[in-house]
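As structure tokens, the structure follows; a few thoughts come after it.
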Amino acid sequence: MSAELWTEAELRRICDRALRECDGDQAEALVLASTNELTRFANNVIHQNVASREAALQIRVVVGKRVGMVTTNDLGEDGIARAAKGASEVARAVPENPVFGGLGGAQPIPPSPSAFVDATASATPMDRATRVERLLRAARERKLTAAGYLSTGANEVAVANTGGVWGYSPSTLAAIEAVVTGDAGSAWAERSATDVRAIDIDAVTREAVEKCAAAQGPRDLAPGTYEVVLEPYAVADIAQFLGSVLTGQAVEEGRSFVGGKLGQKVTGEITFVDDPFDPASVPMPFDFEGQPSRTVELIAGGVAKAVVYDRQTALRTGGANTGHGLPPNPFASSQPFHLRIEPGTKTRDELIRDVDRGVLVTRFHYTRWVHQLRTIVTGMTRDGTFLIERGEVAHPVKNFRFTQSYHDALAGTLGIGKDLHLFAGGTFSFGARRVPAVRLAQFAFTGATQY
Numbered sequence: 068m069s070a071e072l073w074t075e076a077e078l079r080r081i082c083d084r085a086l087r088e089c090d091g092d093q094a095e096a097l098v099l100a101s102t103n104e105l106t107r108f109a110n111n112v113i114h115q116n117v118a119s120r121e122a123a124l125q126i127r128v129v130v131g132k133r134v135g136m137v138t139t140n141d142l143g144e145d146g147i148a149r150a151a152k153g154a155s156e157v158a159r160a161v162p163e164n165p166v167f168g169g170l171g172g173a174q175p176i177p178p179s180p181s182a183f184v185d186a187t188a189s190a191t192p193m194d195r196a197t198r199v200e201r202l203l204r205a206a207r208e209r210k211l212t213a214a215g216y217l218s219t220g221a222n223e224v225a226v227a228n229t230g231g232v233w234g235y236s237p238s239t240l241a242a243i244e245a246v247v248t249g250d251a252g253s254a255w256a257e258r259s260a261t262d263v264r265a266i267d268i269d270a271v272t273r274e275a276v277e278k279c280a281a282a283q284g285p286r287d288l289a290p291g292t293y294e295v296v297l298e299p300y301a302v303a304d305i306a307q308f309l310g311s312v313l314t315g316q317a318v319e320e321g322r323s324f325v326g327g328k329l330g331q332k333v334t335g336e337i338t339f340v341d342d343p344f345d346p347a348s349v350p351m352p353f354d355f356e357g358q359p360s361r362t363v364e365l366i367a368g369g370v371a372k373a374v375v376y377d378r379q380t381a382l383r384t385g386g387a388n389t390g391h392g393l394p395p396n397p398f399a400s401s402q403p404f405h406l407r408i409e410p411g412t413k414t415r416d417e418l419i420r421d422v423d424r425g426v427l428v429t430r431f432h433y434t435r436w437v438h439q440l441r442t443i444v445t446g447m448t449r450d451g452t453f454l455i456e457r458g459e460v461a462h463p464v465k466n467f468r469f470t471q472s473y474h475d476a477l478a479g480t481l482g483i484g485k486d487l488h489l490f491a492g493g494t495f496s497f498g499a500r501r502v503p504a505v506r507l508a509q510f511a512f513t514g515a516t517q518y
């Protein structure tokens, strides 16, 4: 079975039908559609193949300063009409939003690299099983146990409004996550790509199996502040948290660490860019309001330069819309969709060799905000934490609990890896991050675990 696309023509028909049925001054139709397949494995065997094909239509109707919204996954003629009628009725019943600036008009959408790869969309269960079996065989040979999944699929975004906006973007994504465990230790490996053929299953296997073997029998290490080398998995967590407050809304609400600090140093020598045209990411040249997206340099060499905006926040605050509007929701209006930390010059091994005594962290787990304005996050290390001594990985250590300001940690950036890893989580691929490994001068581990 291969991914069966909804197609641009079908999604255009759905959006046009929705807009015709709306009764208001303005209306918008947004469709998020996906066709995804997944091969899951545990205890060194494949035990499940699943496939799903789904779509959701979100309709907004504007009457004066009132905005009504209804979401449905019934995309038949009657379902679309009911949703449009419901959104129109809601728009007449809700209180006015005095700062609502109306829906955006049509603007030229710049060309961008394609994020759609036929080989990923047409991948079969046998294609996935053949790749996964190489990992499982290696785990069995080392008497270790592997679990995880390999997924392939296609996502489609379509948005239209009564002001002439139309945007359609298809993409594909293949992703593998694998955890390998032994009697007393575990390791993690993960890869994402728009092209399933770009996922190096042998590299995933080596990383997960060899690191798991090295992680057995972790020793105690006292909590404290250590120099660290963070693998890309851990850096992706930092990028996700910081990206969520590098927005106009976060600045407006007083919870962004760059608020009032544009042009000032906020981290060490590290650069964050949001690039919707990055061919190695999951490019999409417009946002979920159908507005053209711009490349935005957020932090350059540690200096805060800009934040991303959606239309409404830009209108309220006097900023320029950068085309980063999320699907309408009550929690966040925008985010960097294609965040990249620019690469450095070091290999992972070179970052480790530069450390006299420190900790190598594979990934963070169960991370949660403590204080957004100060970017303080709490969480744990997981799946491979090691002591580094005199430039070499000495032995595994038990996991830590940490409470640390992420941007303060980046203030001590000592080295940046030259290889970037793509992370594109969730059903839809907005929110992609490409990040390297980094070496930081200090990171505060506040507690130790039993394992």
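Quick note: the sequence shown uses the working numbering, first residue 68, plus one each step.
C-beta atoms are modelled at their ideal positions from N, C-alpha and C, and glycine is treated no differently.
Distance between residue j and residue i (C-alpha atoms, nearest Å)
{"i": "Ala508", "j": "Arg407", "result": "22 Å"}
{"i": "Glu144", "j": "Lys152", "result": "12 Å"}
{"i": "Thr513", "j": "Val333", "result": "24 Å"}
{"i": "Gln93", "j": "Ala196", "result": "49 Å"}
{"i": "Ile268", "j": "Val199", "result": "8 Å"}
{"i": "Thr494", "j": "Val295", "result": "Confidence at Thr494 is low in this model, with a pLDDT of 37, below 50, so the placement of that residue is unreliable and no value is reported for it."}
{"i": "Ser496", "j": "Asn140", "result": "Low confidence applies to Ser496: its pLDDT is 41, below 50, so where it sits in the model is not reliable enough to give any reading."}
{"i": "Arg201", "j": "Val117", "result": "20 Å"}
{"i": "Asn110", "j": "Ala265", "result": "26 Å"}
{"i": "Leu313", "j": "Asp450", "result": "29 Å"}
{"i": "Thr138", "j": "Leu477", "result": "40 Å"}
{"i": "Glu319", "j": "Lys372", "result": "16 Å"}
{"i": "Ala85", "j": "Ile126", "result": "7 Å"}
{"i": "Val349", "j": "Ser155", "result": "34 Å"}
{"i": "Arg500", "j": "Arg204", "result": "31 Å"}
{"i": "Arg79", "j": "Ser236", "result": "12 Å"}
{"i": "Gly249", "j": "Arg286", "result": "15 Å"}
{"i": "Gly234", "j": "Asp194", "result": "32 Å"}
{"i": "Met136", "j": "Tyr376", "result": "21 Å"}
{"i": "Arg207", "j": "Ser181", "result": "39 Å"}
{"i": "Gly231", "j": "Arg258", "result": "38 Å"}
{"i": "Val444", "j": "Gly357", "result": "33 Å"}
{"i": "Thr338", "j": "Gly498", "result": "18 Å"}
{"i": "Gly425", "j": "Glu456", "result": "7 Å"}
{"i": "Gly461", "j": "Val271", "result": "One point to set straight first is that residue 461 is Ala, not Gly, in the sequence displayed. Whole-angstrom Cα-Cα distance: 22 Å."}
{"i": "Asp304", "j": "Gln439", "result": "14 Å"}
{"i": "Gln115", "j": "Val263", "result": "19 Å"}
{"i": "Trp255", "j": "Leu427", "result": "13 Å"}
{"i": "Thr362", "j": "Val340", "result": "7 Å"}
{"i": "Gly390", "j": "Pro178", "result": "14 Å"}
{"i": "Ala306", "j": "Pro403", "result": "10 Å"}
Under 9 Å between C-beta atoms of residue i and residue j
{"i": "Ala281", "j": "Thr452", "result": "no"}
{"i": "Gly547", "j": "Phe355", "result": "Only positions 68 to 518 of the chain appear in the structure, and residue 547 is not among them; the question remains open."}
{"i": "Phe469", "j": "Leu288", "result": "no"}
{"i": "Thr380", "j": "Gly315", "result": "yes"}
{"i": "Ala158", "j": "Val184", "result": "no"}
{"i": "Thr448", "j": "Leu309", "result": "no"}
{"i": "Val521", "j": "Leu418", "result": "Past the edges of the chain, shown from 68 to 518, lies residue 521, and the structure says nothing about it."}
{"i": "Thr229", "j": "Cys89", "result": "yes"}
{"i": "Phe490", "j": "Tyr293", "result": "no"}
{"i": "Pro503", "j": "Asp486", "result": "yes"}
{"i": "Val226", "j": "Ala387", "result": "no"}
{"i": "Ser311", "j": "Ala367", "result": "no"}
{"i": "Val130", "j": "Gly91", "result": "yes"}
{"i": "Ala150", "j": "Gly291", "result": "no"}
{"i": "Asp423", "j": "Arg506", "result": "no"}
{"i": "Thr434", "j": "Gly446", "result": "yes"}
For residue i, the first and last residue of its enclosing alpha helix (DSSP H)
{"i": "Tyr300", "result": "Pro299 to Ser311"}
{"i": "Pro192", "result": "Pro192 to Glu208"}
{"i": "Ala491", "result": "Careful: Ala491 lies outside any alpha helix (DSSP H) and carries neither H nor E."}
{"i": "Leu86", "result": "Glu75 to Glu88"}
{"i": "Thr412", "result": "Looking at the DSSP string, Thr412 is not in any alpha helix (DSSP H), and its letter there is neither H nor E."}
Segment limits, beta strand (DSSP E) that includes residue i
{"i": "Ile259", "result": "Here residue 259 turns out to be Ser, not Ile, going by the sequence shown. Start and end: Gly252 to Ala260."}
{"i": "Arg133", "result": "Arg133 to Thr139"}
{"i": "Arg506", "result": "Val505 to Ala515"}
{"i": "Thr248", "result": "Trp233 to Gly249"}
{"i": "Arg407", "result": "His405 to Ile408"}
task = Specify whether the region 241-252 and the region 168-181 touch according to this definition: at least 3 beta carbon pairs, one from each stretch, less than 8 Å apart.
result = No, the region 241-252 does not touch the region 168-181.
query = Using 8 Å as the Cβ pair cut-off and three pairs as the minimum, do the region 98-105 and the region 115-133 touch?
reply = Contact holds: three or more Cβ-Cβ distances are below 8 Å.
message = Is it the case that the region 154-165 contacts the region 219-226, given that we only count it when at least three CB pairs across the two stretches are under 8 Å?
response = Touching, no, given that fewer than three Cβ pairs across the two stretches are closer than 8 Å.
ask   = Can you list, in chain order, the stretches of the beta strand (DSSP E) that have 3 or more residues and sit fully within the region 330-391?
value = Runs found: 339-341 and 363-367.
ask   = Should the region 205-218 be regarded as contacting the region 401-417, the criterion being three or more beta carbon pairs within less than 8 Å?
value = These segments do not touch.
task = Write down every uninterrupted run of the beta strand (DSSP E) in the region 448-486 whose length is 3 residues or greater and which is fully enclosed by it, in chain order.
result = Correct list: 459-463, 467-472 and 480-483.
message = Runs of 4 residues minimum, wholly inside the region 138-177: which ones carry the alpha helix (DSSP H) assignment?
response = For the region 138-177, whole alpha helix (DSSP H) runs of length 4 or above, ordered along the chain, are 144-160.
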